[in-house]
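Since the structure comes first, as structure tokens, the remarks are kept for the end.
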Amino acid sequence: MNTKKEKSFFEKGFSRREMLKTAVIGSAGMILGATGFSGILTAFGETPFVDDNQESRNKVNFYGKHQSGILTKNPEHAYFVSLNCTAKSKAELKGMFQLWTRYSVQLMNGQLVEPGSANKLLPAPDTGEAVGLDASHLTLTFGVGPSLFEKKELGLEHMKPEDLKDLPHFPKDQLDPRYVGGDICIQACADDPQVAFHAVRNLIRAARGLVTMRWSQTGFNSYGIKDKEKMTPRNLFAFKDGTGNPNVDDPKEMDEVVWVQPGESKSWMTGGSYLAFRRIQMHLETWDRTALREQEATFGRHRDTGAPIGKSDEFSDMEIERKENGKSVVPENSHVFLARQVKDRMLRRSFSYSDGINADTGSFDAGLLFISFQKNPQQFINIQNSFGRVDKLNEYITHRGSALFACFPGVKKGSYLGAGLFD
Amino acid sequence: MNRFIKVTGILMLSGSILAGCGEDVSHETQEKEASAGTEVSNTEKEVSAYKQFAIEQLDEFVKATEGFTEAVKAGDAEKAKELYAPARMYFERSEPIAESFGDLDPRIDARLADIQAEGQGEEEWSGYHKIEYGLWEEGTTKGYEETADQLLKDVKELRAKVETVEVTPDLMITGAVDLLNEVSTSKITGEEEIYSHTDLYDFKANVEGAEKIFEIFKEKLTEKDAGLVKQLDENFTVLDELLAKYEDGNGGYVSYEKLTQEDTKALSAAVDNLGEPLSQMAIVVE
Numbered sequence: 001m002n003t004k005k006e007k008s009f010f011e012k013g014f015s016r017r018e019m020l021k022t023a024v025i026g027s028a029g030m031i032l033g034a035t036g037f038s039g040i041l042t043a044f045g046e047t048p049f050v051d052d053n054q055e056s057r058n059k060v061n062f063y064g065k066h067q068s069g070i071l072t073k074n075p076e077h078a079y080f081v082s083l084n085c086t087a088k089s090k091a092e093l094k095g096m097f098q099l100w101t102r103y104s105v106q107l108m109n110g111q112l113v114e115p116g117s118a119n120k121l122l123p124a125p126d127t128g129e130a131v132g133l134d135a136s137h138l139t140l141t142f143g144v145g146p147s148l149f150e151k152k153e154l155g156l157e158h159m160k161p162e163d164l165k166d167l168p169h170f171p172k173d174q175l176d177p178r179y180v181g182g183d184i185c186i187q188a189c190a191d192d193p194q195v196a197f198h199a200v201r202n203l204i205r206a207a208r209g210l211v212t213m214r215w216s217q218t219g220f221n222s223y224g225i226k227d228k229e230k231m232t233p234r235n236l237f238a239f240k241d242g243t244g245n246p247n248v249d250d251p252k253e254m255d256e257v258v259w260v261q262p263g264e265s266k267s268w269m270t271g272g273s274y275l276a277f278r279r280i281q282m283h284l285e286t287w288d289r290t291a292l293r294e295q296e297a298t299f300g301r302h303r304d305t306g307a308p309i310g311k312s313d314e315f316s317d318m319e320i321e322r323k324e325n326g327k328s329v330v331p332e333n334s335h336v337f338l339a340r341q342v343k344d345r346m347l348r349r350s351f352s353y354s355d356g357i358n359a360d361t362g363s364f365d366a367g368l369l370f371i372s373f374q375k376n377p378q379q380f381i382n383i384q385n386s387f388g389r390v391d392k393l394n395e396y397i398t399h400r401g402s403a404l405f406a407c408f409p410g411v412k413k414g415s416y417l418g419a420g421l422f423d
Numbered sequence: 001m002n003r004f005i006k007v008t009g010i011l012m013l014s015g016s017i018l019a020g021c022g023e024d025v026s027h028e029t030q031e032k033e034a035s036a037g038t039e040v041s042n043t044e045k046e047v048s049a050y051k052q053f054a055i056e057q058l059d060e061f062v063k064a065t066e067g068f069t070e071a072v073k074a075g076d077a078e079k080a081k082e083l084y085a086p087a088r089m090y091f092e093r094s095e096p097i098a099e100s101f102g103d104l105d106p107r108i109d110a111r112l113a114d115i116q117a118e119g120q121g122e123e124e125w126s127g128y129h130k131i132e133y134g135l136w137e138e139g140t141t142k143g144y145e146e147t148a149d150q151l152l153k154d155v156k157e158l159r160a161k162v163e164t165v166e167v168t169p170d171l172m173i174t175g176a177v178d179l180l181n182e183v184s185t186s187k188i189t190g191e192e193e194i195y196s197h198t199d200l201y202d203f204k205a206n207v208e209g210a211e212k213i214f215e216i217f218k219e220k221l222t223e224k225d226a227g228l229v230k231q232l233d234e235n236f237t238v239l240d241e242l243l244a245k246y247e248d249g250n251g252g253y254v255s256y257e258k259l260t261q262e263d264t265k266a267l268s269a270a271v272d273n274l275g276e277p278l279s280q281m282a283i284v285v286e
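In the order they appear, the protein sequences are chains R and H. The first sequence begins at 1 in the working numbering and counts up by one. The second sequence begins at 1 in the working numbering and counts up by one.
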């Protein structure tokens, strides 16, 4: 491999948007070390440093104290994938995360993952479907599941945080084994679904032999705009989802709710967070024939405004204890009322999904890709348990998928994803 | 056989992609680049070794097809069923060459679905899979005598024509990856042998065909990237060992129907793990 040329590529980066333009001028400029790609497949570990490029359009930074995919507000499209780890040693796994670190920066810069080659008998090193598209606010968030630590060949048993275990069985769970668990997860969020997909595809392609895909789930969110601000998105039941979230711009609140603090878990988790995943099927057909008053009583909010029942503003205090004629104004079996029975909070990052139709019933297979971040899984567990069997929403939803992942803290420049776990 | 149709499809598709971005990348540049990579190194030895291999395989294919068609014509369905899958392996190993003959390949190896996909009727169907249908679905050789005669004729013609094929490094490199792609798209799904369910024989033969090309290039490839060679060696071994789990103890393989979803997923992952680095073999011509 021509190291000098390679270096210049990694220093300069190669914008996907610039690529077509450059091709006209002459392809020599973009074609670098011809054998570059086989290098990454065979020689893990020696991966050059690539920095966030502040000149990239619609870019979110990769490096920082926390993974930026957890901090970024209002993601539009998600591609979430759960992976089995087939690496044979910790060194292999570490090499993969080092490579993924560089790839992630480049992908979040809107760059190709590898330069092209003059040899057209080779497949292109970047799969290419994002050529011409900018960074599209892509974020990539990585985590590891409890099962990863049980793999003897990796020797990570002693690094497993006590809190990292499979979520317990909740009342009314009907889990489908096709959407449960996983050793590693990647959450790709972007303004553009193709950019998110391209990112995951290239990460997995580069790690072939070290991971296999276990399951994946796409999701989408749409935001109305009011006073130039994105409004809280609606789920497929048409209710606003995420109103009570902590403010991601308030470090204190985030430290209290989302980020693992020093001493709270294994040291490699400091600054990280636990990701709870649920694939929640929503029975749209039954919902659609339910009276609006019933629907509002189910959530405990008004549908159109998102305001607590009996109020008119989305962000009004819930005042859960309000009574009228001796009865709770917000019904005691409503989703919101039950959630407020526990003091725990979490950062919800939900997306809607639509996966065609259910082959058995001919009804929509649609619902919620529920993701929440919290510093301790118990926060999610307590909230979910509070719904129990009484939650009125249970009539209209079924939990089909479940997983828990420990998301790494952010990456310092020069370091790599999960460094605290592997070094 | 479905390869043939696919190739045409891909050519048409890439044609339209080029047309689509014509202002950005001229055809001329494309062609120059395409040829630039291939003229650098001398691959005469490799090319002739591969041709030799293909000829040997097709010699054996003629013999095995003779045995198979004799059994069909003698009305011995049991014997024919026994000979069917092993005979086809010679063909599957050398498929990159056989495919060079757009008319012969379908006559020997078309599935009914391929014929229908081309808008032809069942009466156009010939070759191995037609007899497969008779043997396994109807349990008879009766009525397939003429098909057997034609099949043997076609196979002999294929063997004769092989002498004329111009083997190039491109054909070998593309062929090796295509062999694995065949496995991924039709063998792993059980769509190649829908009556006999002998897909694992074809699977094995395709992998052996790809491995042969790798073996031939190995020396040159080691000079370019020893790490890649090591990885390919390992990944071929993993796949071979995985396939060996499905041997039936009589020199053959268990029925595709015996495979669970977990089995096919594991096989598929092993093929993908091999295919990705195998596609890097093209650095050998640089």
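Built from N, CA and C at the ideal position, the CB exists for glycine as well.
| Simplified DSSP assignment, three categories, for H:E78 | Here residue 78 of chain H refers to the residue found at position 78 of the second sequence. H:E78: helix per DSSP, three-state reduction.
| field | Where R:M346 falls: helix, strand or coil (DSSP) | value | Your numbering for residue 346 of chain R matches position 346 in the first sequence. Looking at R:M346 - three-state DSSP - the assignment turns out to be coil, as it is neither helix nor strand.
| When we look at the beta-carbon of R:S316 and count the other beta-carbons within 10 Å, is it buried (16 or more) or exposed? | Along the first sequence, one-based indexing puts residue 316 of chain R at 316. Under this definition R:S316 is an exposed residue.
| Assuming R:H335 and R:K392 make a contact with CB atoms under 8 Å, what is their CB distance in whole Å? | The residue given as residue 335 of chain R occupies position 335 in the first sequence. The residue given as residue 392 of chain R occupies position 392 in the first sequence. Going by Cβ atoms, the distance from R:H335 to R:K392 rounds to 7 Å, so yes, they are a contact pair.
| field | Under the three-state DSSP convention, the category R:T35 falls into | value | For the purposes of this step, residue 35 of chain R is identified with residue 35 of the first sequence, where counting begins at 1. Reliability fails at R:T35, whose pLDDT of 41 lies under 50, so the model's placement of it is uncertain and the value that follows must be treated cautiously. Correct three-state label for R:T35: coil.
| message | Rounded to the nearest angstrom, what separates R:G132 and R:K160 at their Cα positions? | response | Translated into the one-based positions of the first sequence, residue 132 of chain R becomes position 132. Translated into the one-based positions of the first sequence, residue 160 of chain R becomes position 160. The C-alpha of R:G132 lies about 42 Å from the C-alpha of R:K160.
| chain R partners of H:D272, CB-CB under 8 Å? | Taking the first residue of the second sequence as position 1, residue 272 of chain H is located at position 272. Residues of chain R passing the Cβ test: R208.
| task | Following the continuous beta strand (DSSP E) through R:A406, name the residue where it begins and the one where it ends. | result | The residue given as residue 406 of chain R occupies position 406 in the first sequence. First-last of the beta strand (DSSP E) with R:A406: 397-407.
| said: Restricting to Cα atoms, I'd like to know which of R:P168, R:F220, R:Y179 is closest to R:N191. | reply: Here residue 191 of chain R corresponds to residue number 191 of the first sequence, with the count starting at 1. It should be noted that the sequence gives Asp, not Asn, for residue 191 of chain R. Of the listed residues, the one whose Cα sits closest to R:D191 is R:F220.
| query | Given a threshold of 16 other Cβ atoms within 10 Å of its Cβ, counted over all protein chains shown, does R:M282 qualify as buried or as exposed? | reply | As a position in the first sequence, residue 282 of chain R is number 282, starting the count at 1. Classification of R:M282: buried, given that the 10 Å Cβ count is 16 or more.
| field | 7 Å Cβ cutoff, R:L122 in contact with chain H | value | Taking the first sequence and counting its residues from 1, one reaches residue 122 of chain R at position 122. By this cut-off, R:L122 is an interface position.
| message | Checking 7 Å against the spacing of the C-beta atoms, do H:L274 and H:Y246 come in under that value? | response | Mapped onto the second sequence, residue 274 of chain H falls at position 274. Mapped onto the second sequence, residue 246 of chain H falls at position 246. Between H:L274 and H:Y246, the C-beta spacing is not below 7 Å.
| Relative to the C-alpha of R:G356, which residue among R:T218, R:P409, R:H399 is closest? | Looking up residue 356 of chain R in the first sequence gives position 356. For the residues R:T218, R:P409, R:H399, the minimum Cα distance to R:G356 belongs to R:T218.
| Whose C-beta lies closer than 6 Å to the C-beta of R:L425 among residues of the same chain, with five residues either side of it excluded? | Since the first and last residues shown for chain R are 1 and 423, residue 425 of chain R lies out of range.
| request: Look up H:M172 in the DSSP assignment and say whether it is helix, strand or coil. | output: The residue you call residue 172 of chain H lines up with position 172 of the second sequence. H:M172 falls in the helix class under three-state DSSP.
| task | Please check if any C-beta of chain R sits within less than 7 Å of the C-beta of H:E215. | result | For the purposes of this step, residue 215 of chain H is taken as residue 215 along the second sequence, with counting starting at 1. The beta carbon of H:E215 sits no closer than 7 Å to any beta carbon of chain R.
| request: Kindly say whether H:E286, judged by its beta-carbon, lies nearer than 7 Å to any beta-carbon of chain R. | output: Mapped onto the second sequence, residue 286 of chain H falls at position 286. Yes, H:E286 counts as interfacial toward chain R.
| request: Could you name the residues of chain H that R:T212 contacts, counting a contact when the two beta carbons are closer than 7 Å? | output: Here the question's residue 212 of chain R lines up with position 212 in the first sequence. Result: A269.
| said: Looking only at its chain, what residues have a beta carbon closer than 6 Å to the beta carbon of R:K59, apart from the 5 residues adjacent to it on each side? | reply: Residue 59 of chain R sits at position 59 when you count from the first residue of the first sequence. Counting only Cβ-Cβ distances below 6 Å, and skipping sequence neighbours, we find A135.
| Is H:E276 close to chain R, meaning its C-beta is less than 7 Å from at least one C-beta of that chain? | Working through the second sequence from its first residue, we reach residue 276 of chain H at position 276. Closer than 7 Å: yes.
| said: In the DSSP output, which residue or residues are listed as bridge partners for H:E247? | reply: The residue given as residue 247 of chain H occupies position 247 in the second sequence. BP columns for H:E247 point to H:Y253.
| Nearest CA to the CA of H:E262: which residue from R:A188, R:R214, R:E285? | On the second sequence, residue 262 of chain H is found 262 positions in, with the first residue counted as 1. It is R:R214 whose Cα lies nearest to the Cα of H:E262.
| query | Between R:N202 and chain H, is there a C-beta pair that is closer than 7 Å? | reply | Here residue 202 of chain R refers to the residue found at position 202 when the first sequence is read from its first residue. No, no contact with chain H.
| request: Check distances from the C-beta atoms of the region 153-180 of chain H to those of chain R and list, in chain order, the residues that come in under 9 Å. | output: P169, D170, I173, T174, V177
| In chain H, what lies closer than 9 Å to R:R205 by C-beta? | In the first sequence, the residue the question calls residue 205 of chain R occupies position 205. The answer, in chain order, is E276.
| task | Over the uninterrupted beta strand (DSSP E) stretch that includes R:F373, give me the two end residues. | result | Walking along the first sequence from the start, residue 373 of chain R turns up at place 373. According to the DSSP assignment, R:F373 belongs to the beta strand (DSSP E) that extends over 364-374.
| Neighbourhood of R:K416 by C-beta distance below 6 Å, restricted to the same chain and skipping five residues each side | In the first sequence, counting from the first residue as 1, residue 416 of chain R sits at position 416. Sequence inspection shows Tyr at residue 416 of chain R; the Lys mentioned does not correspond to that position. Taken in chain order, the residues that qualify are F97, Q98, T101.
| query | Going by beta carbon distance, what residues of the same chain come within less than 8 Å of H:S279, once the five residues before and after it are set aside? | reply | On the second sequence, position 279 is the one that residue 279 of chain H refers to. Sequence-distant partners of H:S279 (beyond 5 residues in either direction) whose C-beta falls short of 8 Å from its own C-beta, in its chain, are V177.
| Can you list, in chain order, the residues of its chain whose CB lies under 7 Å from that of R:T42, leaving out five sequence neighbours each side? | Along the first sequence, one-based indexing puts residue 42 of chain R at 42. Residue confidence for R:T42 is low, a pLDDT of 39 falling below 50, so the modelled location carries little weight and cannot support an answer.
| message | Distance check for R:G116 and R:Q194, CA to CA, integer angstroms please. | response | On the first sequence, position 194 is the one that residue 194 of chain R refers to. On the first sequence, position 116 is the one that residue 116 of chain R refers to. Rounded to the nearest angstrom, the two C-alpha atoms are 20 Å apart.
| query | Under 7 Å, do H:A54 and H:I97 count as touching if we go by C-beta distance? | reply | Counted from its first residue, the second sequence places residue 54 of chain H at position 54. Counted from its first residue, the second sequence places residue 97 of chain H at position 97. For H:A54 and H:I97, yes; Cβs fall inside 7 Å.
| field | Closest by C-alpha distance to R:C407, when choosing among R:G69, R:N53, R:F14 | value | To locate residue 407 of chain R, count along the first sequence from 1; it is residue 407. If we check each option's Cα against that of R:C407, R:G69 comes out closest.
| request: Take every Cβ of the region 161-177 of chain H, pair it with every Cβ of the region 229-242 of chain H, and state whether three or more of those distances are shorter than 8 Å. | output: no
| field | Residues bridged to R:L83 (per DSSP) | value | One-based indexing of the first sequence puts residue 83 of chain R at position 83. R:L83 is bridged to R:I184, R:M213.
| request: Return the first residue and the last residue of the alpha helix (DSSP H) that R:R279 is part of. | output: In the first sequence, the residue the question calls residue 279 of chain R occupies position 279. Looking at the DSSP string, R:R279 is not in any alpha helix (DSSP H); the run it does join, the beta strand (DSSP E), is 273-282.
| field | CB-CB length for H:N206 against H:E182, believed under 8 Å | value | Here residue 206 of chain H is taken as the residue at index 206 of the second sequence, counted from 1. Here residue 182 of chain H is taken as the residue at index 182 of the second sequence, counted from 1. That pair is a contact at about 5 Å.
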